[in-house]
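Using the working numbering, read the sequence shown as starting at -19 and increasing by one per residue.
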Amino acid sequence: MIGNHFEYKNRFPKEFSRFNLNNTSYFSKNKSLRVTNNADKQVVTDYINSVYYNDYVLHSLIELFKDKDSLVIYLSDHGDDMFESSAFNTHECSNASVEIPFLIYMSDAFKQKHPQMVKSFEEALHKPFMSDDLLHTLLPLAGIITKDHEKTRDLFNENYNDKRPRKPCDNKVYPMSK
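Next comes the structure, spelled out in structure tokens:
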């Protein structure tokens, strides 16, 4: 997946240009956006279209695996601050840039064969997580345990430390909400 990186207008095929400046109520509903002109609005609209396409690709992947004993895991590397904390589209350290999508799709066959894993996923649903811990979380799912595995960083392990300070930006502690 190429994702939703700038320039957003290059991140989706033209046939996925579902939203435009004339049909997007996003700007009137979201008063906290600091867009100042139509060029800024176009950047946001292109971003929304790239997310729409990304969702289509993710849905297509899930469809490929839904009839198998499978998991589909999606984790974005970062978010983008779309004029939310400043009058710019930036990679600033803001809630929008560090609170990212993390999705786990479980097929029906997976749910039936792995009820204990399903329970672990459900118990982890609202726990704070950073992608830095992904390796400690994914390897055990694949049945791989290494000497470097840290149970306190494995989201699905009973020893996971959800109180550990998260410092995603310039060593500032990020307030992880539950």
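For glycine and all other residues, C-beta sits at the position ideal for the given N, C-alpha and C.
Whole-number beta carbon distance between residue j and residue i, since they are thought to touch under 8 Å
| i | j | result |
| --- | --- | --- |
| F82 | F45 | The Cβ separation is near 18 Å, so there is no contact. |
| L135 | D113 | 6 Å |
| M140 | K99 | Looking at the sequence shown, residue 140 is not Met but Tyr. Rounded, the Cβ-Cβ distance is 14 Å, inconsistent with contact. |
| S161 | D47 | Absent from the model: residue 161. The displayed extent of the chain is -19 to 158, so no value can be given. |
| V23 | Y(-12) | 7 Å |
| D49 | K93 | 5 Å |
Within 8 Å, strictly: CB atoms of residue i and residue j
| i | j | result |
| --- | --- | --- |
| K21 | L38 | no |
| I125 | L118 | no |
| L55 | F90 | no |
| I80 | G59 | yes |
| N(-16) | Y27 | yes |
| N29 | S(-3) | yes |
| N137 | K131 | yes |
| N25 | F(-1) | What sits at residue 25 in the sequence shown is Thr, not Asn. In contact: T25 and F(-1) (Cβ atoms closer than 8 Å). |
Three-way DSSP call (helix, strand, coil) for residue i in this model
| i | result |
| --- | --- |
| K158 | Legend: pLDDT at K158 = 47, less than 50; position of this residue unreliable, no value from coordinates given. |
| V15 | coil |
| D128 | coil |
| N(-10) | helix |
| M110 | coil |
| S100 | helix |
| S161 | Residue 161 is absent from the model: the chain starts at -19 and stops at 158. |
| N2 | coil |
| D57 | coil |
| N34 | helix |
| K9 | helix |
| D20 | helix |
| I80 | coil |
| D134 | coil |
| N29 | helix |
Those residues which DSSP pairs with residue i across a bridge
| i | result |
| --- | --- |
| I42 | According to DSSP, I42 bridges with nothing at all. |
| V52 | Y85 |
Range covered by the alpha helix (DSSP H) that runs through residue i
| i | result |
| --- | --- |
| L118 | 114 to 121 |
| F90 | 88 to 93 |
Neighbour flag for residue i against chain C, beta carbons, 8 Å
| i | result |
| --- | --- |
| L1 | Protein chains in the displayed structure number just one, and chain C is not present. |
Distance cut-off 7 Å: residue i Cβ against heavy atoms of the ligand FMN
| i | result |
| --- | --- |
| P81 | The ligand FMN is not part of the structure shown, which contains no ligands of any sort. |
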